[in-house]
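For the sequence shown, the numbering used here puts the final residue at 383, and the numbers step up evenly by one.
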Amino acid sequence: MKYDDEDLLLLTPGPVELHPRNSQALSSPVRYHREKSFLDDLMFVTQSVSKLEGTDNLTVPITGSGTAAMDAAVSSMVRRSSKVISFINGVFSERLYNISRYYSDSVTPYYKEWGKAITREDVRSALEDKEYDFVTIVHNETSTGVLNPMDEIMEEINKRGLISIVDGVTSVGGDRVEVDKWGIDAMITASQKCLGGPPGMSFVTLSDRALSLIKKIDRGQSYYVDVRNYIKDGKIDIPFTTATPLVIALKEAINMIYEEGLDRRISRHRLMGKAVRSGAQAMGLDLLAERGYESNTVTAIKIPEKADQVVSQGKRYGVLFAGGQGKLAGTILRIGHMNIIGEREVLTGISVLDAVLTELGIEHSAGSGTLAAQQEFSMLASE
Ligand code: PLP
1 MKYDDEDLLL
11 LTPGPVELHP
21 RNSQALSSPV
31 RYHREKSFLD
41 DLMFVTQSVS
51 KLEGTDNLTV
61 PITGSGTAAM
71 DAAVSSMVRR
81 SSKVISFING
91 VFSERLYNIS
101 RYYSDSVTPY
111 YKEWGKAITR
121 EDVRSALEDK
131 EYDFVTIVHN
141 ETSTGVLNPM
151 DEIMEEINKR
161 GLISIVDGVT
171 SVGGDRVEVD
181 KWGIDAMITA
191 SQKCLGGPPG
201 MSFVTLSDRA
211 LSLIKKIDRG
221 QSYYVDVRNY
231 IKDGKIDIPF
241 TTATPLVIAL
251 KEAINMIYEE
261 GLDRRISRHR
271 LMGKAVRSGA
281 QAMGLDLLAE
291 RGYESNTVTA
301 IKIPEKADQV
311 VSQGKRYGVL
321 FAGGQGKLAG
331 TILRIGHMNI
341 IGEREVLTGI
351 SVLDAVLTEL
361 GIEHSAGSGT
371 LAAQQEFSML
381 ASE
């Protein structure tokens, strides 16, 4: 069978597989972005994003991918004279560092080996005896499959009163996010990951402290994504044309999140993550993420030298995995398990991986992966 590109099973860490209900919503007639019923739908989406992040804080919608929201958060608050510290343990935390350097003359990088988590101790030692205004960090590092422990990280950050800019692009809607409890000032996310929508919309959720800081400064350093242009009298007031079809499709995805229930959805993501990890390890493959900090939404598997071949060979079986990014290119394989990925997709993915490893002559324990993943599922079924 030859699978065409429109018919691949996306086991990528975003954009994710869409449920047919989303695709249908995506093809509904285009709406006018200033019409009240559309604005009601947009408010439903932004308020739902806040809710999924554990807060009632104001969420600003930006037409643009996740990076647009990263740009919005940083450029709207950071000044040239602001002192910023960026924790870096992968491609996306490095991107937040690079964005910060566009807008500030004083950005300090704190590097951690890729595959390792940023911990309380890292934050404590990086902030000790130093004066910073802002901190940037990624919750779930999609490039390495590492979930940073935000509860303890934020405790250290908040002891020192820094304004926090946190990327939750691959955690919001798929894993536990607690903006209020953790005390996050600017939380960033995007439509095409765990929220389950098509790519092209992103969001910044701002705390009262962030909003008052924004009020004190005349304007941001970028025009299109200056959040000031999106807020009037404390409410969202969209200045430009919104990508209305994306919002309508995302609304349907959010309805599906509510139908499943956030807790059940998070448990399902955790189970899929566990099954993928068990499957990979049973085949004798190593994970990149350090033990105890593995992401529940994306798994990075070490396949030195041949990772890209695994990706192209996987397509022959109708499955699209993702390769490594930046300095990890060619050395890891990433399997996304977000949104509607369930038992059927995980078992397919693991057995296709097994077949491809055999074809490429990569040493592994053939047949063991599917069995191990299956066991995770049957353990749950028998509980
Ligand atoms: N942050 C994280 C953690 C991501 O995984 C991604 C995309 O994969 C982004 C930011 C950037 O988002 P985009 O590619 O939508 O601009």
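Virtual Cβ for every residue (Gly too), placed ideally from N, Cα, C.
In terms of residue numbering, what span does the alpha helix (DSSP H) encompassing residue i cover?
i, result
"residue 187", "It is not in any alpha helix (DSSP H) - residue 187 instead sits in the beta strand (DSSP E) that spans 186-190."
"residue 358", "343-359"
"residue 123", "120-127"
"residue 157", "150-159"
"residue 180", "179-182"
Would you mind reading off the limits of the beta strand (DSSP E) that contains residue i?
i, result
"residue 202", "201-206"
"residue 384", "Residue 384 is absent from the structure shown; the chain starts at 1 and stops at 383."
"residue 87", "83-88"
"residue 40", "It is not in any beta strand (DSSP E) - residue 40 instead sits in the alpha helix (DSSP H) that spans 36-52."
"residue 23", "That residue, residue 23, is in no beta strand (DSSP E); its alpha helix (DSSP H) goes 20-26."
"residue 171", "Careful: residue 171 lies outside any beta strand (DSSP E) and carries neither H nor E."
Please classify residue i: does DSSP put it in a helix, a strand, or coil?
i, result
"residue 368", "helix"
"residue 63", "strand"
"residue 93", "helix"
"residue 130", "coil"
"residue 136", "strand"
"residue 252", "helix"
"residue 216", "helix"
"residue 226", "coil"
"residue 141", "strand"
"residue 211", "helix"
"residue 247", "helix"
"residue 30", "coil"
"residue 74", "helix"
"residue 236", "strand"
"residue 362", "coil"
Does any CB atom of chain B fall closer than 7 Å to the CB of residue i?
i, result
"residue 277", "The chain inventory of the structure shown lacks chain B, comprising one protein chain alone."
Is any non-hydrogen atom of the ligand MG found closer than 6 Å to the C-beta of residue i, if you look at the structure I gave you?
i, result
"residue 323", "Annotation note on the ligand MG: not contained in the displayed structure, which lists the ligand PLP as its ligands."
Practice item. Count the C-beta pairs between the region 232-252 and the region 344-352 that are closer than 8 Å, then say yes if the count reaches three, no if not. Key: no
Point to revise | Three-pair Cβ contact test at 8 Å for the region 323-335 versus the region 361-380 | key: no
Practice item. Name all residues in chain order for which at least one heavy atom of the ligand PLP lies closer than 7 Å to the residue's CB. Key: 13, 14, 65, 66, 67, 68, 70, 92, 95, 138, 140, 141, 142, 167, 169, 170, 190, 192, 193, 199 and 202
Point to revise | Completely contained beta strand (DSSP E) runs for the region 261-349, where each covers 3 or more residues | key: 298-302 and 332-336
Review point. How do the region 25-35 and the region 181-192 stand: do at least 3 beta-carbon pairs fall below 8 Å, yes or no?
Key: no
Exercise for review: Would you check if there are 3 or more beta carbon pairs closer than 8 Å linking the region 49-59 to the region 165-174?
Suggested key: yes
Practice item. Say whether the region 66-84 touches the region 273-286, bearing in mind that this needs 3 or more beta-carbon pairs closer than 8 Å, one atom from each stretch. Key: no
**Study point:** the region 307-319 / the region 353-369 touching (three or more Cβ pairs under 8 Å)
**Key:** yes
Practice item. Report yes or no: do the region 156-165 and the region 130-145 share at least 3 C-beta pairs separated by less than 8 Å? Key: yes
Check your understanding: So, do the region 5-22 and the region 249-264 have three or more beta carbon pairs nearer to each other than 8 Å?
Key -> yes
Check your understanding: For the 8 Å Cβ check, are there 3 or more pairs between the region 58-72 and the region 224-231?
Key -> yes
Review point. For the 8 Å Cβ check, are there 3 or more pairs between the region 171-185 and the region 111-126?
Key: no
Check your understanding: So does the region 137-146 actually touch the region 257-269, counting three or more Cβ pairs closer than 8 Å?
Key -> no
Practice item. Would you be able to state if there are at least three C-beta pairs under 8 Å between the region 31-43 and the region 206-222? Key: no
Review point. How about the region 299-309 and the region 271-280: do they share at least three Cβ pairs that are nearer than 8 Å?
Key: yes
Point to revise | Contact the region 210-219 vs the region 1-21: 3+ CB pairs below 8 Å | key: no
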